[in-house]
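Encoded as structure tokens, the structure appears first; notes follow it.
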Amino acid sequence: MEPVYRTIIGLARTVFFVEGLKFSVKGAEQIPVRGGAVLAVNHTGYMDFTYAGLPVRTPKRYIRFMAKKEVFDNTISGPIMRALKHIPVDRSAGAESYLAAVEYLRKGELVGVYPEATISRSFEIKEFKSGAARMAIEADVPIIPIVIWGAQRVWTKGFPKRLGRTNTPISIAVGAPIQPYEPAADLTAQLRSTMQAMLLDLQQNYVHEPGAYWVPARLGGSAPTLEEADAMDAAEAEEKAARQAPKDSL
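Everything in the sequence shown is counted per the working numbering, starting at 1 for the first residue and increasing by one.
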């Protein structure tokens with residue numbers, strides 16, 4: 001029993017109801033009833049992690065998400081994140097969080113990971129980091145791909161949040177477990193191609209508004225292409241690094 005987690009889930013479901021979100025979930029039976037697994041989730045919006053928890057509740061389990069350290073440093077979200085046993089990630093020194101995640105997996109926990117590392121502005125599947133594959137290999141647990149579509153309509157990078165009653169449809173698919181194997185680069189490539197195929201499948205039965213910011217360019221929307229989005233991310237990273245660099249002494 002995890003009373004804090006159960007309370008948060010109850011609050012989240014109340015919010016979902018108030019917002020009128022319409023969920024479609026398939027493949028929840030792929031979530032193991034017991035034992036560790038890496039849950040690899042695509043990243044299109046700030047609320048992805050709340051939606052990813054829905055299929056996991058079918059076997060009454062919980063996800064321990066890897067999240068940036070800044071969320072844990074916040075006076076409001078920090079205590080909640082720690083109570084839910086999520087894993088802080090310091091991007092400047094990630095070894096500690098990686099080891100913590102592997103230990104969780106070995107103890108039979110479900111660890112949630114965003115292989116893309118950041119929100120995809122194009123809403124396509126970005127290139128993957130190898131962390132999810134390496135953790136699965138080291139802990140000897142499967143990777144379970146989870147793809148969410150529609151989350152970007154609620155709140156995504158660069159656009160106002162829409163947390164009122166929007167009646168937004170959100171589709172979620174859980175893929176078959178991928179057993180770990182080496183090298184990690186090959187496992188990562190398989191995971192990415194699997195999630196790309198799952199995304200295309202979800203999009204087939206989803207109604208897309210022509211020209212909308214939340215629709216990929218490939219489907220007639222105004223979102224940047226994957227290449228354009230990658231260039232935007234690179235420019236933003238350079239600006240952030242420049243701001244953080246120590247100023248030259250006078």
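No residue lacks a Cβ here, since even glycine has one placed at the ideal position from N, Cα and C.
7 Å Cβ shell around residue i - same chain, five flanking residues per side excluded
i	result
Pro216	Ser122, Phe123, Glu124 and Ala223
Ala12	Thr50
Arg61	Ile31 and Leu110
Start and end residues, alpha helix (DSSP H) containing residue i
i	result
Lys240	Leu226 to Gln244
Pro55	Asp48 to Val56
Gly10	Pro3 to Glu19
Pro79	Ser77 to Ala83
Ser97	Ala95 to Arg106
Ile137	Gly131 to Ala139
Supposed close pair residue i, residue j - CB separation, criterion 8 Å
i	j	result
Lys69	Asp90	5 Å
Ile146	Val41	5 Å
Ala52	Gly112	6 Å
Ser120	Thr194	16 Å between Cβ atoms; not a contact.
Tyr98	Gly131	7 Å
Leu54	Val25	6 Å
Cβ shell of residue i (< 6 Å), same chain only, five flanking positions each side left out
i	result
Gly20	Arg165 and Asn167
Leu253	Given that the chain is displayed from residue 1 to residue 250, the structure contains no residue 253 and the question cannot be resolved.
Ala37	Leu110, Val141, Pro142 and Ile144
Tyr46	Trp155
Gln179	Pro142
Lys126	Glu116 and Ser120
Gln196	Ile125
Phe72	Gly78, Met81 and Pro88
Ala133	Ala184, Leu187 and Thr188
Selection from the options that minimises the alpha carbon distance to residue i
i	options	result
Gly108	Arg6, Val33 and Ala242	Val33
Asp230	Ala93, Gly35, Ala117 and Ala212	Ala117
Ile63	Leu39, Ser77 and Ile76	Leu39
Ala67	Ala28, Leu54 and Ala100	Ala100
Phe23	Gly150, Ser77, Thr75 and Asn74	Gly150
Asn205	Leu219, Ser92 and Val15	Leu219
Lys157	Ser77, Gly35, Thr75 and Asp233	Asp233
Tyr5	Arg82, Ala176, Lys26 and Ala28	Arg82
Ala28	Glu238, Ile148 and Ser77	Ile148
Phe128	Arg192, Ala237, Pro55 and Glu2	Arg192
Ile31	Pro3, Glu228, Pro177 and Glu236	Pro177
Thr188	Ala241, Tyr114 and Gly211	Tyr114
Own chain residues within Cβ distance below 8 Å of residue i, not counting five before or after
i	result
Arg57	Ile9
Phe17	none
Tyr213	Phe159, Gly221, Ser222 and Ala223
Ser92	none
First through last residue of the beta strand (DSSP E) which encompasses residue i
i	result
Ala67	Ile63 to Lys68
Ser171	Pro169 to Val174
Ala37	Ala37 to Val41
Leu110	Leu110 to Val113
Proximity test, residue i beta-carbon vs the ligand FMN heavy atom, cut-off 7 Å
i	result
Trp214	For the ligand FMN, the structure offers nothing, since it holds no ligand at all.
For the stretch 134 to 147 and the stretch 176 to 189, state whether three or more C-beta atom pairs, one from each stretch, are separated by less than 8 Å.
Verdict: yes, contact present.
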